[in-house]
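Only one structure is covered here, and it is reproduced in the block below.
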Amino acid sequence: MRLLILGVVILASCGLATPTAWHTVEPAPAASGWHNSPVTVTIYALGGENLVVKYRINGSGPFVQAPPVILSFSTEGIHTLEYWWAEDESGESSHVFVILRIDLSPPRIIVRVPEDRKKYLLHEKVLVDWFAYDRLSGLEFVEASAQPGEPLDTTALGYQTFFVFARDRAGNTARVEVDYQVICKLFPVFPTNFWLDRLLPLEEQVRIGTLPVLARYKVGEPILFGFLLKDAHDQPVAHARPNVLVTEVRFTEEGERHTIWDWVLVPFDSEKGFYFLAYSTEKRGPGVYDLWLGFGDGQSTRIRVEILAKE
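Residues 1387 to 1697 (our numbering) are what the sequence shown spells out, left to right.
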């Protein structure tokens, strides 16, 4: 570009060049012709006496200015720039038209299904519902975990993320992520209708600290856990990884303090047909304990028990 301008200047100084005008556009647009940032157009004109540039912007004008003319475009939309050179003696040149397409906004993405933080059952049939659009340059590329009308992935337990990504023809991008949870139906199996084999009567569930004690065991007596997990079609689920975190609770003036003693998985007992764990209390001293039972799908419950000394 500098060599071109230098050559025109030399020819003009020797009287060999006729007036000429040209322009540059910075930055260059995307392959689609759209810009995703403000644009600067510079109009050059050389080769004649009293040479000026005349131009119109979106039909307004003409405006007259000595070259170079630097014009900035920062508003969205399609802009039309019309320019030409003019000289007192030589008249005017033919008109040049420049079309500038500017889109500064990313695409819009609306996800209706899945809903953010919603819980869906394992193997539940849920149809995805979302759409994306771009009002100015239009969409060039869209990618998603599943297309509208296709099934949502509910085949894996726990927290999942659904995403939609879109890019418009100007190069603007947008990404929306929706977190959801895939869970099981939970069923106790003991006559207590509870996750443990023991459950104190309601009138004996005395609050110790922030929670009531729901069961009591003596040192050496196993704490039995038992429950059944089912999917949306009431089929047993045997591949989850439920677990129990065992903490001893100590009470201070500042509040409750927890000491972690164990973290154990609750295995699926194929003979019994449900998840079962006999947790030994042989190495636990008398005191208050919290059993943090997680079902392997993000669902959990906290059970406070009291372990008593042997008689």
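Cβ coordinates follow ideal geometry from the N, Cα and C atoms, glycine included.
S1686 is bridged by DSSP to G1680. Distances from the CA of A1407 to each of D1554, W1471, P1577 and R1670 were compared; the closest alpha carbon is that of W1471. P1608 is positioned such that its CB atom lies closer than 8 Å to that of Y1665. For P1622, the pairing in a beta bridge is given by DSSP as K1616. Spatial neighbours of L1597 in its own chain (CB-CB distance under 8 Å, excluding positions within 5 residues in sequence) are listed in chain order as D1676, R1688 and R1690. A contact is defined here as three or more CB-CB pairs under 8 Å, and the region 1450–1465 meets this definition with respect to the region 1425–1433.
The C-beta distance from V1564 to A1518 rounds to 14 Å, too long to meet the 8 Å contact threshold.
In the structure shown, E1642 falls within a strand segment according to DSSP collapsed to helix, strand and coil. In the displayed model, E1590 falls within a helix according to three-state DSSP.
V1674 and P1500 have their C-alpha atoms roughly 41 Å apart. With distances taken between CA atoms, G1682 lies nearest to V1623 out of G1659, V1623 and K1604. For H1409, the uninterrupted beta strand (DSSP E) run begins and ends at T1406 to E1412, by DSSP. Residues G1433 of the same chain have their beta carbon placed closer than 7 Å to that of T1404, with the five preceding and five following residues left out of the count.
Here the alpha carbons of V1528 and W1420 stand approximately 18 Å from one another.
Around the Cβ of W1516, a 10 Å sphere holds 16 or more other Cβ atoms; the residue is buried. F1662 carries a strand assignment under DSSP once its states are collapsed to helix, strand and coil. Taking C-beta atoms under 8 Å as the contact rule, F1662 and F1611 qualify, at a distance of about 7 Å.
Counting only runs of at least 4 residues, the region 1460–1487 fully encloses no alpha helix (DSSP H) element at all. The bridge partners DSSP lists for S1446 are I1443.
Beta-bridge pairing by DSSP links E1563 to F1549. When V1650, P1415, L1588 and V1568 are compared, the shortest CA-CA separation from L1490 is found for P1415. For D1515, the enclosing beta strand (DSSP E) starts and ends at D1515 to Y1519.
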